[in-house]
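**Q**
2 protein chains.
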Amino acid sequence: MPTLSAPWRAEQLALLARQLHARQSSKEFQDLICEAKFETNEVIESQNLSETEFEERKRNIELLEQDFKRQQSLDPKLVIMLATAKAEGYSLWQTARAKADFQCFSPALKKLIGLRQEQARQLNEPRSCWETLAQPFEPDLSIHRLQELFTPLRETLPQLLDEVNGWKRPDLLKWDLDENSQKILCDQLMSDWGRDVALTCISSSPHPFSITLGPKDFRLTTRVVQGQPLSCFLATAHEWGHSLYEQGLPVQSHQWFAWPVGQATSMGLHESQSLFWENRVARSRAFAERFWPHFVKQGAPLQSGFDLWKSMNPLTPGWNRVEADELSYGLHILIRTDLEIALLEGGLEVDALPGEWNRRYKDLLGISPKNDSEGCLQDVHWSEGQFGYFPSYLIGHLISAQLSEAMQRELDSPEGNHDSIDFCIRFGQESKLLAWLRKAVHLHGRKMNAEELVKKVTGKPLSSSPFLNYLRGKLRMLKGTS
Amino acid sequence: MPTLSAPWRAEQLALLARQLHARQSSKEFQDLICEAKFETNEVIESQNLSETEFEERKRNIELLEQDFKRQQSLDPKLVIMLATAKAEGYSLWQTARAKADFQCFSPALKKLIGLRQEQARQLNEPRSCWETLAQPFEPDLSIHRLQELFTPLRETLPQLLDEVNGWKRPDLLKWDLDENSQKILCDQLMSDWGRDVALTCISSSPHPFSITLGPKDFRLTTRVVQGQPLSCFLATAHEWGHSLYEQGLPVQSHQWFAWPVGQATSMGLHESQSLFWENRVARSRAFAERFWPHFVKQGAPLQSGFDLWKSMNPLTPGWNRVEADELSYGLHILIRTDLEIALLEGGLEVDALPGEWNRRYKDLLGISPKNDSEGCLQDVHWSEGQFGYFPSYLIGHLISAQLSEAMQRELDSPEGNHDSIDFCIRFGQESKLLAWLRKAVHLHGRKMNAEELVKKVTGKPLSSSPFLNYLRGKLRMLKGTS
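Line by line, the protein sequences give chains R and S.
Heads up: the first sequence runs through residues 1 to 482, numbered per the working numbering.
Heads up: the second sequence runs through residues 1 to 482, numbered per the working numbering.
1. Does R/Pro126 pass the burial test, meaning 16 or more other C-beta atoms within 10 Å, or should it be called exposed?
2. Return the first residue and the last residue of the beta strand (DSSP E) that R/Asp217 is part of.
3. Specify, as a first and last residue, the run of the beta strand (DSSP E) that R/Thr212 falls within.
4. So S/Gly214 contacts chain R; which residues on that side make the cut at Cβ distance below 8 Å?
5. Using a Cβ-Cβ cut-off of 8 Å (strictly less than) and excluding sequence neighbours within five positions of R/Pro215, which residues of its own chain qualify?
6. Assign S/Ser465 to one of three DSSP states: helix, strand, or coil.
7. R/Ile367 by DSSP, collapsed to three states: which one?
8. Using the C-alpha atoms, what's the distance from S/Val350 back to S/Lys110?
9. Looking only at its own chain, which residues have a Cβ that is under 7 Å from the Cβ of S/Ala286, when we skip the five neighbours before and after it?
10. So S/Gly241 and S/Gln273 are in contact, right, with Cβ under 8 Å, and what is the actual spacing, rounded?
11. Report the rounded CA-to-CA distance for S/Ser482 versus S/Ser373, giving the unit in angstroms.
12. Could you tell me the distance, in whole angstroms, from the CA atom of R/Ser210 to the CA atom of S/Ser5?
13. Need the endpoints of the beta strand (DSSP E) that S/Cys201 sits in, please.
14. Would you check if there are 3 or more beta carbon pairs closer than 8 Å linking the segment 220-236 of chain S to the segment 7-25 of chain S?
15. Using a Cβ cut-off of 9 Å, pull out every chain R residue sitting near S/His254, in sequence order please.
16. Could you please give the first and the last residue of the uninterrupted alpha helix (DSSP H) stretch that includes R/Glu278?
17. Are R/Leu230 and R/Ser400 close, meaning C-beta to C-beta below 7 Å?
18. Take S/Arg9 as the anchor and find which of R/Ser142, R/Gly318, R/Gly375 and R/Thr212 has the nearest alpha-carbon.
19. With DSSP run on the structure shown, which of helix, strand or coil describes R/Tyr329?
20. How many angstroms separate the CA atom of R/Gly166 from the CA atom of R/Arg472?
21. So which residues on chain S does R/Pro2 lean against when the C-beta distance must stay under 8 Å?
22. So what's R/Gly318 in DSSP terms, helix, strand or just coil?
23. How big is the Cα-Cα spacing for R/Trp175 and R/Pro317?
24. Does the separation of the CB atoms of R/Glu155 and R/Ile143 fall below 7 Å?
25. Hey, how far is the Cα of S/Ile202 from the Cα of R/Asn180?
26. Taking Cβ to Cβ, would you say S/Pro466 is nearer than 7 Å to S/Glu405?
27. For S/Ala96 and S/Phe102, which I take to be in contact (beta-carbon distance under 8 Å), what is that distance rounded to the nearest angstrom?
28. Excluding sequence positions up to five away, which residues of its chain have a Cβ less than 7 Å from the Cβ of S/Ala120?
29. For the alpha helix (DSSP H) containing R/Leu109, list its first residue and its last residue.
30. Need the endpoints of the alpha helix (DSSP H) that S/Pro293 sits in, please.
31. Could you give the distance in angstroms between the alpha-carbon of S/Leu364 and the alpha-carbon of S/Pro158?
32. Under DSSP, the alpha helix (DSSP H) around R/Pro391 begins and ends at which residues?
33. Buried or exposed: S/Gln386, going by 16 or more other Cβ atoms within 10 Å of its Cβ?
See below:
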């Protein structure tokens, strides 16, 4: 978008937000939900629906009602002000980041925090401000539960990082691949991982993303970064994981597309699916050893798949969240989560944000950002007033690890043919992993929330132990290679 | 778009078409137009509007009323059926073209023709069916007037083509440039031709286009074609010409953006602006000689700007309209125009279309398409039932040539500092050409129709003579180079 068009975009977004809110909180919509509720109760008597089918329909209605009540509790004026402030914040953040000038963005951030606090007040849920705002991303999450999940990470991750920092790891990525070669590798990856080209479409954009535009319309974007020959490949693995989840969500008929039960249950669960394919599969030794001949064919001067594996796991902390690997990623999230809770309900002043950010990076990652562009201005989320989203990224790591343990157990059973995840990867049988995820995870859509789903699938409440165990195991394997 | 999502897209488009038509033909909209009309008449009395200002406001209201009446005369059922048939037609055309199988598309084309004929009946204008459908693209155009304009071309273009076919012209394009080099050249071109980066944004897409999304939001796309080092460059010149016209349209305030008077007056005039920059400027000898050092800097093995000029003007007829040069382009349009008039009101059967197409290509261009993909399936327009658009491309050539003559006269006057178009091009003073176009053409928006504008600017009714004179002159200059 050209920079001068930002004010016009802000007006358009505010108009859309107002119209959308008016529809979603309208009497007409309320009546339709009531009718649907009545019909569902009638149908169970007249059509002999199974209890499961009835429960699904009931859940659909409940979720529609929940969202209707939320929309209804918001003042249309606030909806418009928020839409405008988001567009303005985003525009100012772009300028601020380009100039590394936090002051130029801080008034917009203050305004967004004030409006979000007002939104939480109007929603009037039995939750704290931050918790209320986090609901659209992680339904039913509380700060208390979040601390239970994250505290072990806060203790253990810095220790593991210290340990790795003692190793000597040569920089292996002194080669590059041209755009076309990288695209060929990405196509091969998706084709191996069950791509149907009639259902999916790949394009490029400055920031990779995955999006679903219809019941049979799944799209994703990636981009080639010069000098980083694995960046596009791993981003493709990640976005493809998101897309596979969306492709596996339950659809009864195309008119039901995007009904609540056919949606993703939480952003954390969504992230767990992208991270499973990116980290557990693509960054595994088994995968690197199987796939490296394709890299060599495209001109990569790799000695072995073992080299590719090492290159895929640099274990070097940096200031950038998006480029962080499994070991330091969690620390980036802990810092953001603490800071946004402090900003919204802990009394942290916006002007103190850069200092707090830098102090925590020094403490947890041993790194000082050069300036605020590398520091607290690096992510887009807060620029649009999106608070409560960051933890989902880390919850995704935990869910992925815990689901992987359950998957491993089942594959290793007589019914699973005494297989293992790594065996499947090594022999190009990722379709078995996908089939497991489809049945155990994707098909449930939003029938239960993320933690309920994890407990149902793994038999245990979500915890950070599987993730930490997985990390320790990977470090042990990588240690020999330093 | 993934192929399987076509039916869903068709449903969405039909829904949007229905809602848009409901708004545009609503009592509420009618009342608003009435109020605006009343207010305009009041305002002239109370505010002492100048006559020009009053005329502009009146014209705005008249155009709104005209469009309202058209919308109101259409049956909503037809609107939905047309939207559905367009989406289906487009999808089937894609399949048909990929398989070079016209039979697979012909039922959709028959349906579209039937629906368009019904649309013309419902619009019930004092015009023939084809004329009625051409109105949105060329307001007030008649078939009679079209034949007046095109008959000299039908006679002269094949003669000129025959003459050129006798020349021996070596293929100069045995080199290529990488994507990045081509992008640098395109950036240089737009920068030389008045680009403000804060207002404009460039991206890539399979088919180049230009689009305006807000009063300060002008975007265009191009694409690099391997083995054709001038394709992206000339497409950029073309799309930038479209964009310059849009950038120059009158805007009183951003709330008036996209009001009738602030719109393009016709597609032919729009095309004249893209063709002026592509053909009259970029493909001129003066431009090639000035610009070739930039090509050489990017690695092109050109001996001289003269070589670049020859490469930009191959004068070789082919089956493909989009890739045709100035000499044969008109013939592609004559064939399409004749055929679509025959299909809509001349009794030509759809099944006879491929045969008629091929016969006329043989007659006029001396070429036989290998199959229907290279023949009557090459263009997207008919697949979406778009009839009446093709002539605009050729009218654009005529308008560009006639405006250029007037521009040349004015530059060569004492007020114009005894300049010439080619002098301005040779010394990188294209800003003078742009300033002339802005004032003489762009700023009038839709205040008058295309022919009225041409007459006002050039003092003469539109005719094909300036274009044919221009072509003859160019051929004379190129002849020495064969």
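We put the beta carbon where it would ideally sit given N, CA and C, even for glycine.
**A** Once the coordinates are examined:
1. exposed
2. Asp217 to Thr222
3. Phe209 to Gly214
4. Ser5, Trp8, Arg9 and Gln12
5. Val251, His254 and Phe257
6. helix
7. coil
8. 6 Å
9. Asp422, Ile425 and Arg426
10. 5 Å
11. Residue placement at S/Ser482 cannot be trusted, given a pLDDT of 48 that sits under 50; the coordinates are not used to answer.
12. 16 Å
13. Thr200 to Ser204
14. no
15. Pro7, Trp8 and Glu11
16. Looking at the DSSP string, R/Glu278 is not in any alpha helix (DSSP H), and its letter there is neither H nor E.
17. no
18. R/Thr212
19. helix
20. 15 Å
21. Val197, Ala198, Leu199, Thr200, Cys201, Lys216, Asp217, Phe218 and Arg219
22. coil
23. 21 Å
24. no
25. 21 Å
26. yes
27. 6 Å
28. Cys129, Thr132 and Leu133
29. Ser106 to Leu123
30. Arg285 to Lys297
31. 6 Å
32. Phe390 to Leu411
33. buried
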